[in-house]
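Here is the structure we will look at.
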Amino acid sequence: MPSDHPPTAPDADPARIAALPRVQRVPSRDLTLFIQRDFLAPSECAALIDRIEHRRRPSAIADANGDTVFRTSETCDLDMADPLVAQIDARLAAFAGIDPAYGEPIQGQRYTVGQEFKAHTDFFDPHGADYPRYCSVSGNRTWTLMVYLNQPHAGGATRFVKIGKTVQPETGKLLAWNNRNDAGRCNDASLHHGMKVRSGVKHIITKWYRERPWG
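The numbering of the sequence shown is this note's numbering, which starts it at 63 and goes up by one.
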């Protein structure tokens, strides 16, 4: 099990993740993407939802290209001193096999009816104006780990646009993907769309890892 092997590496090993129990690797030559159902228990998901509901605020974005409705969700920075959050953070790091020092704090997101995050990548464009601001200390984002905390009544899927893969929300389901290609460069095939919720509310948590220790 991943918890038996404390993470010490600055990067994930896809072969190691693929060998973990109950992990599905999405068939794609262009994107390294994994799925594991029931990564979190329903009780853990409910507790995280409660925290997000109490601390949510409108989501921000580095560069929306002038589109005022590019990202319409709400966001919550989870308290890393919270024992539950710290425990889940350690489990995410153990799954990825990445030293926790390379991880950003866990973020929660909330989407209600009509809200979405249009197709975007999690890495920062090395040629973009915001790159020095967001990446000068810790470097770019490497891996993304995202967990659905609930299943809305309709909508809210995550669509990886360039590989034609749509993942439906399920309580406790983990997605993990590499934001770089095999050459180590930013991978445009990681482009993904947090699709509109049609009925109900969707909650997720997201964990990003960096090239260098977070600080």
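From the three backbone atoms N, C-alpha and C, an ideal C-beta is built for every residue, glycine too.
Neighbour flag for residue i against chain B, beta carbons, 8 angstroms
| i | result |
| --- | --- |
| ALA81 | Absent from the structure is chain B; it holds one protein chain and no more. |
Among the options, the one whose alpha carbon lies nearest that of residue i
| i | options | result |
| --- | --- | --- |
| PHE185 | ARG203, ALA109 and GLY217 | ARG203 |
| ALA238 | PRO72, ALA163 and VAL88 | VAL88 |
| ARG240 | GLN149, GLY170 and CYS248 | In the sequence under discussion, the amino acid at residue 240 is Asn, which differs from the Arg named in the question. Considering only alpha carbons, the answer is CYS248. |
| PRO76 | VAL259, GLY159 and ASP92 | GLY159 |
| ASP192 | ILE123, LEU211, ILE267 and ALA108 | ILE123 |
| PHE96 | VAL229, THR233, GLY218 and ALA143 | VAL229 |
| VAL85 | GLY277, LYS235, PRO231 and ARG260 | LYS235 |
Extent of the continuous beta strand (DSSP E) run through residue i
| i | result |
| --- | --- |
| ILE267 | 264-272 |
Classification of residue i by the beta-carbon crowding that lies within 10 angstroms, buried from 16 upward
| i | result |
| --- | --- |
| HIS254 | buried |
| LEU102 | buried |
| VAL131 | exposed |
| LYS269 | buried |
| VAL209 | buried |
| PRO104 | exposed |
| MET63 | Any reading at MET63 needs caution, since the residue's pLDDT is 43, under 50, leaving its predicted position unreliable; the model's value is listed next. The residue is exposed, with fewer than 16 neighbouring Cβ atoms inside 10 Å. |
| GLU178 | buried |
| SER65 | For SER65, the predicted structure reports a pLDDT of 48, less than 50, and the residue's modelled location is therefore unreliable. The matter cannot be settled from this model. |
DSSP bridge partner residues for residue i (one or two, in chain order)
| i | result |
| --- | --- |
| TRP205 | ASN240 |
| LYS227 | PHE222 |
| SER252 | Paired residue(s): none; SER252 is not in a bridge. |
Delimiting residues of the alpha helix (DSSP H) encompassing residue i
| i | result |
| --- | --- |
| ARG195 | 193-197 |
| ARG91 | Run containing ARG91: none; DSSP gives neither H nor E here. |
- Item | Whole alpha helix (DSSP H) elements within the region 94-179, 4-residue minimum | 104-117 and 145-158
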